[in-house]
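Residue numbers (the UniProt record's numbering): 1 to 574.
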């Protein structure tokens, strides 16, 4: 039975192959006859075939015209009824249809451009309506769940606008178009407030437009990410989700840089306003870095061109020299004020409650071990005037360290290697900071030279101030200064601050020696009365002065205990 079935199967296959071959032969014969014989022998039949072909073409074109016009009518109906999801589906279908027989005609292209223009206008107006309904751009955080339905409509309209713009058969959602649609409301509002001559368009108040941009970044990024995640939902385009957020911030930074350039032209000749603009720009860069690093570190890949873009404007040839001159004048004035203020030698920290989240004793032990030993004997007094107690860091010294850190902070947000090089060529951070440090040291020396004794104030306060040397040793390992010494014109064989730190340490050792000598002279003077007594005399205790001498000597020894331990510490640390 199986053999019969197999035989029948083979026979069927052979017959089918023979049938196909004969059909092809008949078709070739008919084609040849139609082209040669029939045209001459039977022209009526030939004309009928031609006529039939023309009718068929017209029928196909009429069918496509009908489909085309029905699609246009449906699109218009959906716009009138505001059925956005169905509208997007119909648009996708319309753009994917191949109206090949209509494409050569100008009327077809005109109609396509016309309907797409109408849809583009409708989408633009509808988007603005929805944006107005939810008060976008936001000025504060908003619960996106409360506007979920509106967000859905916005996403559909954005996708519709993108496929209209691309006119692509693949319906590509262009990322740049998405960003522009979301960015346009912010741009309009920014121009309205800061370019229209209104009260908010004030060159003396740059903090207004800087704050506005930061507010928009904080309040709108979650909304932007929500939109991009829904649009680029496939795994193949997940990269676009992060890129949309990056591009959005990039557009906002373009707004701010444009405004800064215009403001700069207005305030270049006004020193106070120019300085204020720089301060606000640095504060903006610092806040922007914090937002990107802390709030969006898992969502936004920090672009090297994102941080420092505003400050890069001030590094241009037209403005850099004026900026550097301002920095120099401000720092020089600050040092002078620190050393002339009334409370310059007052303790910076009076008790532990003055220190916020800092274990100061560990800090002092790490950078100036002498202080830790002094603190152990905080109940003792030196010369009955200067109490050695905890947290004895002078106000002026602490503020000077903050000044140096502030100067570094103003530089560090210039991330571009090219712009860093501009600073390094001028040696702003290294040379000028060293000049400040050296000037501060010379001022301390001048104050010390005016003192007649190491027991006078502010001798001890200045000794404590010299912990700057150990702070500088720590700064030698900070990444900012390592970059400076490796990328600048001058390559330092040692740390950047080694030389000036050595000068501070040398001053400290000199003054410690002065204290030791003074202690020796004081102790020698105190022992003078004791030395004059004849202690071998058997009647020594009959002397009425002996008890007053012993009492005075005992008090002096008690007072000297703290100084002696202090000098021991000086020997160890020196």
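No residue lacks a Cβ here, since even glycine has one placed at the ideal position from N, Cα and C. Owing to the predicted nature of the structure, the values given are computational and were not obtained by experimental measurement.
Under the three-state reduction of DSSP output, residue 394 falls in the strand class. Around the beta carbon of residue 125, a 10 Å sphere encloses fewer than 16 other beta carbons of the protein chains shown; the residue is thus reported as exposed.
Under the Cβ criterion (8 Å, minimum of three pairs), the region 393-407 does not count as touching the region 264-278. Secondary structure note for residue 136: it is in no alpha helix (DSSP H), with a DSSP letter that is neither H nor E. Pairing residue 189 with residue 137 gives a Cβ-Cβ distance under 9 Å. Around the beta carbon of residue 81, fewer than 16 other beta carbons lie within 10 angstroms, which makes this residue exposed. Counting along the chain, residue 515 sits inside the alpha helix (DSSP H) bounded by residues 498-526. Of the residues 270, 291, 267 and 256, the one whose Cα lies closest to the Cα of residue 281 is 256. Exposure of residue 337 is indicated by the presence of fewer than 16 other C-beta atoms within 10 angstroms of its C-beta. Your pair residue 251 and residue 183 checks out as a contact, with CB atoms roughly 5 Å apart and the cut at 8 Å. Nearest C-alpha to residue 89 among 145, 164, 140 and 142: 164. Counting along the chain, residue 282 sits inside the alpha helix (DSSP H) bounded by residues 271-290.
According to the DSSP assignment, residue 312 belongs to the alpha helix (DSSP H) that extends over 309-314.
If you check the CB distance, residue 403 and residue 334 come in under 9 Å. Here DSSP, grouped into helix, strand and coil, assigns residue 165 to helix. Taking the CA atoms as reference points, residue 323 sits about 59 Å from residue 78.
Ranking 526, 510, 501 and 499 by CA distance to the CA of residue 459 puts 510 first.
Within its own chain, no residue has a Cβ closer than 6 Å to the Cβ of residue 319 once the five positions on either side in sequence are excluded.
Between residue 248 and residue 310 a beta carbon distance of about 17 Å is seen, past the 8 Å cut, so the two are scored as non-contacting. Note on residue 212: 16 or more other CB atoms within 10 angstroms of its CB, so buried under the neighbour-count rule. Within the same chain, Cβ atoms closer than 6 Å to the Cβ of residue 140 are found at 219, the five residues on either side in sequence being excluded. The alpha carbon of residue 231 has as its nearest neighbour, out of 263, 173, 264 and 246, the alpha carbon of 173. The alpha-carbon separation between residue 221 and residue 245 amounts to approximately 7 Å. Per DSSP, the continuous alpha helix (DSSP H) segment holding residue 470 begins and ends at 468-475. Residue 271 places its beta carbon less than 9 Å from that of residue 326. Of the other Cβ atoms in all chains shown, fewer than 16 fall within 10 Å of the Cβ of residue 524; this residue is therefore exposed. Taking all protein chains in view, the Cβ of residue 162 is crowded by 16 or more other Cβ atoms within 10 Å, so the residue is classified as buried. For residue 330, the closest of 279, 287 and 288 by C-alpha to C-alpha distance is 279. At least 9 Å separates the beta-carbon of residue 62 from that of residue 97. Linking residue 394 to residue 463 through their CA atoms gives a straight-line distance of about 10 Å. Look at residue 438 here: in three-state DSSP terms it is helix. The alpha carbon of residue 455 has as its nearest neighbour, out of 519, 314 and 226, the alpha carbon of 519. Taking a cut-off of 8 Å on C-beta distances, the region 440-447 touches the region 499-510, as three or more cross pairs fall below it.
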